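Step one of this worksheet: look at the structure below.
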Amino acid sequence: MKLDFKLKKEEKNTKARLGEFTYNGKVYETPMFMPVGTQASIKTLSPEEIKEMNAGIILSNTYHLWLRPGEDIVNKAGGLHKFMNYDGPILTDSGGFQVFSLAKPKDISEEGVVFKNHLNGDKLLLTPEKSIAIQNKLDSDIAMSFDECPPASASYEYLKQSIERTLRWAERGKKAHQNENQMLFGIVQGGYYEDLRKFSAEETVKLGFDGYSIGGVANDHESKEDMYKAFIYSTEYLPKDKLRYAMGIGEPIDIIEGVIRGIDLFDCVSPTRLARHGHALTGNGKINLKNAKYKEDFTPISPKCDCYACKHYTKAYIKHLINAEETFGARLLSIHNIRFLISLTEEIRDAIKNDTLLAYRDAFIQNYYGEDYEQK
Numbered sequence: 350m351k352l353d354f355k356l357k358k359e360e361k362n363t364k365a366r367l368g369e370f371t372y373n374g375k376v377y378e379t380p381m382f383m384p385v386g387t388q389a390s391i392k393t394l395s396p397e398e399i400k401e402m403n404a405g406i407i408l409s410n411t412y413h414l415w416l417r418p419g420e421d422i423v424n425k426a427g428g429l430h431k432f433m434n435y436d437g438p439i440l441t442d443s444g445g446f447q448v449f450s451l452a453k454p455k456d457i458s459e460e461g462v463v464f465k466n467h468l469n470g471d472k473l474l475l476t477p478e479k480s481i482a483i484q485n486k487l488d489s490d491i492a493m494s495f496d497e498c499p500p501a502s503a504s505y506e507y508l509k510q511s512i513e514r515t516l517r518w519a520e521r522g523k524k525a526h527q528n529e530n531q532m533l534f535g536i537v538q539g540g541y542y543e544d545l546r547k548f549s550a551e552e553t554v555k556l557g558f559d560g561y562s563i564g565g566v567a568n569d570h571e572s573k574e575d576m577y578k579a580f581i582y583s584t585e586y587l588p589k590d591k592l593r594y595a596m597g598i599g600e601p602i603d604i605i606e607g608v609i610r611g612i613d614l615f616d617c618v619s620p621t622r623l624a625r626h627g628h629a630l631t632g633n634g635k636i637n638l639k640n641a642k643y644k645e646d647f648t649p650i651s652p653k654c655d656c657y658a659c660k661h662y663t664k665a666y667i668k669h670l671i672n673a674e675e676t677f678g679a680r681l682l683s684i685h686n687i688r689f690l691i692s693l694t695e696e697i698r699d700a701i702k703n704d705t706l707l708a709y710r711d712a713f714i715q716n717y718y719g720e721d722y723e724q725k
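Here the sequence shown stands for residues 350 to 725, numbered as in the numbering used here.
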């Protein structure tokens with residue numbers, strides 16, 4: 350059955366929302382950070398470890414799973430949940446972001462996008478119908494509409510044409526969608542132009558989706574202020590009773606500011622990517638365990654953290670593992686970083702319940718970024 354989202358509370362001082370949905374008999378609250386398992390696996394971690402971190406929705410990537418092992422193999426296995434042994438909710442993206450990173454402007458047409466398979470160079474075509482058909486077979490709980498992914502710095506004229514094409518693609522994808530147990534989200538684009546965001550949001554809502562995503566904000570922005578304005582320009586015109594998802598957002602302050610502006614779901618590959626490079630997220634900022642000062646630091650990454658890595662290992666040991674290129678080091682930091690962002694959203698939810706989110710944000714900024722923090 351489809352996820353049944355319920356809006357439970359709106360904070361008094363902001364646009365922040367507390368919501369919940371039930372899946373497999375378990376209640377999940379929003380706002381929520383969603384770890385990314387691109388190829389049906391969150392890098393170096395098991396599904397059991399992900400559940401121990403109190404994760405809710407996790408992501409998988411349509412493009413990569415289409416190329417290997419193929420949607421038919423996943424379908425024969427019983428869908429993504431059985432294939433990867435994860436009994437929590439799963440969201441699949443449309444594959445559009447990866448495809449557009451491989452395609453050239455001339456390869457984009459009304460039909461879809463032509464691009465080269467990054468594994469063997471074969472020429473492929475991804476259309477709205479094909480993206481939805483793949484996701485139907487993957488049998489995720491939330492599927493994403495296939496949209497054009499223009500850079501936010503694109504011209505006003507190009508963005509307007511892109512939005513109009515994305516709307517036509519969204520309508521085609523919705524007609525092609527055949528998995529009755531799968532939610533389908535529409536995607537709002539428009540760069541940092543308020544009128545384009547308004548137009549994209551209102552027209553996408555008219556098509557009637559199960560939830561809505563805000564695209565085009567995760568990169569290519571000149572300032573955080575631009576990103577936060579795009580949040581406002583989009584959420585202002587979205588229905589209150591539907592989930593709202595900001596795609597590709599994983600910087601802690603961006604999650605907090607996104608929640609303040611009415612967003613429920615966030616995802617990013619950053620926690621595991623940072624881990625592979627020796628970086629750890631802490632309440633006092635991001636640290637690099639490759640630094641010499643941690644060589645004899647026999648304390649946990651964060652004394653207040655309840656993750657497996659902090660309960661059992663020290664900075665000195667993890668530094669040794671990273672320097673020695675031992676995979677266990679990346680595993681421990683991945684566990685910690687993902688748990689940090691999940692804990693962040695747990696604290697955000699408590700602040701919403703107490704109508705203290707703005708005070709929480711201010712304290713977080715001072716502790717994590719310092720007094721000289723500016724929105725850059």
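Every residue gets a Cβ at the ideal spot worked out from N, C-alpha and C, and that includes glycine.
Source: prediction; values computed, not measured.
Secondary structure of residue i, DSSP reduced to three states
i, result
"methionine 381", "strand"
"glycine 522", "helix"
"histidine 430", "helix"
"serine 612", "Strictly speaking, residue 612 in this sequence is isoleucine, with serine absent from that position. Looking at isoleucine 612 - three-state DSSP - the assignment turns out to be coil, as it is neither helix nor strand."
"valine 566", "coil"
"lysine 659", "Sequence check: residue 659 is cysteine here, not lysine. Of the three classes helix, strand and coil, the one that applies to cysteine 659 here is helix, per DSSP."
"histidine 628", "strand"
"arginine 417", "coil"
"serine 692", "helix"
"glutamate 551", "helix"
"tyrosine 541", "coil"
"leucine 473", "strand"
"valine 448", "helix"
Contact set for residue i: own chain, Cβ-Cβ below 6 Å, skip 5 residues either direction
i, result
"glutamate 360", "Ile701, Asp704, Leu706"
"tyrosine 474", "Looking at the sequence provided, one finds leucine at residue 474 rather than tyrosine. Excluding residues within five positions, the ones whose Cβ falls inside 6 Å are Gly461, Val463."
"tyrosine 586", "Lys547, Ala550, Glu551"
"leucine 630", "Asn686, Phe689"
Exposed unless 16 or more other CB atoms sit within 10 angstroms - verdict on residue i
i, result
"serine 692", "buried"
"leucine 328", "In the structure as shown, the chain starts at 350 and stops at 725, and residue 328 therefore has no counterpart that could be examined."
"threonine 648", "exposed"
"lysine 664", "buried"
"aspartate 471", "exposed"
"serine 450", "exposed"
"histidine 626", "exposed"
"alanine 404", "buried"
"glutamate 420", "buried"
"arginine 417", "exposed"
"serine 489", "buried"
"alanine 712", "exposed"
"threonine 371", "exposed"
"threonine 676", "exposed"
Residue i vs residue j beta-carbon contact at 8 Å
i, j, result
"glutamate 497", "isoleucine 684", "no"
"isoleucine 604", "threonine 694", "yes"
"leucine 614", "tyrosine 582", "no"
"isoleucine 714", "proline 620", "no"
"glutamine 447", "alanine 492", "no"
"leucine 352", "glycine 428", "no"
"phenylalanine 495", "glycine 445", "yes"
"asparagine 633", "tyrosine 717", "yes"
"alanine 579", "isoleucine 598", "no"
"arginine 525", "alanine 482", "As written in the sequence, residue 525 is alanine, which differs from the arginine given in the question. Result yes, Cβ atoms of alanine 525 and alanine 482 sit closer than 8 Å."
Neighbourhood of residue i by C-beta distance below 8 Å, restricted to the same chain and skipping five residues each side
i, result
"serine 390", "Met433"
"threonine 553", "Leu516, Ala519, Gly535, Ile536, Val537, Tyr561"
"leucine 556", "Leu516, Ala519, Glu520, Lys523, Gly535"
Distance between beta carbons of residue j and residue i, contact taken as under 8 Å
i, j, result
"arginine 610", "threonine 584", "6 Å"
"serine 562", "isoleucine 536", "5 Å"
"lysine 523", "leucine 508", "Contact doesn't hold; Cβ gap of about 22 Å is too wide."
"valine 385", "cysteine 617", "7 Å"
"glycine 678", "leucine 690", "Actually they are not in contact, since the Cβ atoms of glycine 678 and leucine 690 sit about 19 Å apart, beyond 8 Å."
"leucine 394", "arginine 680", "7 Å"
"glutamine 484", "threonine 441", "5 Å"
"leucine 682", "alanine 624", "3 Å"
Chain-order list of residues whose beta-carbon lies under 7 Å from that of residue i (same chain, five-residue window excluded)
i, result
"tyrosine 314", "Outside the modelled stretch of the chain, which goes from 350 to 725, sits residue 314, for which no answer is possible."
Min CB distance residue i to chain D below 8 Å
i, result
"tyrosine 435", "Annotation note: the requested chain D is absent from the structure, which comprises a single protein chain."
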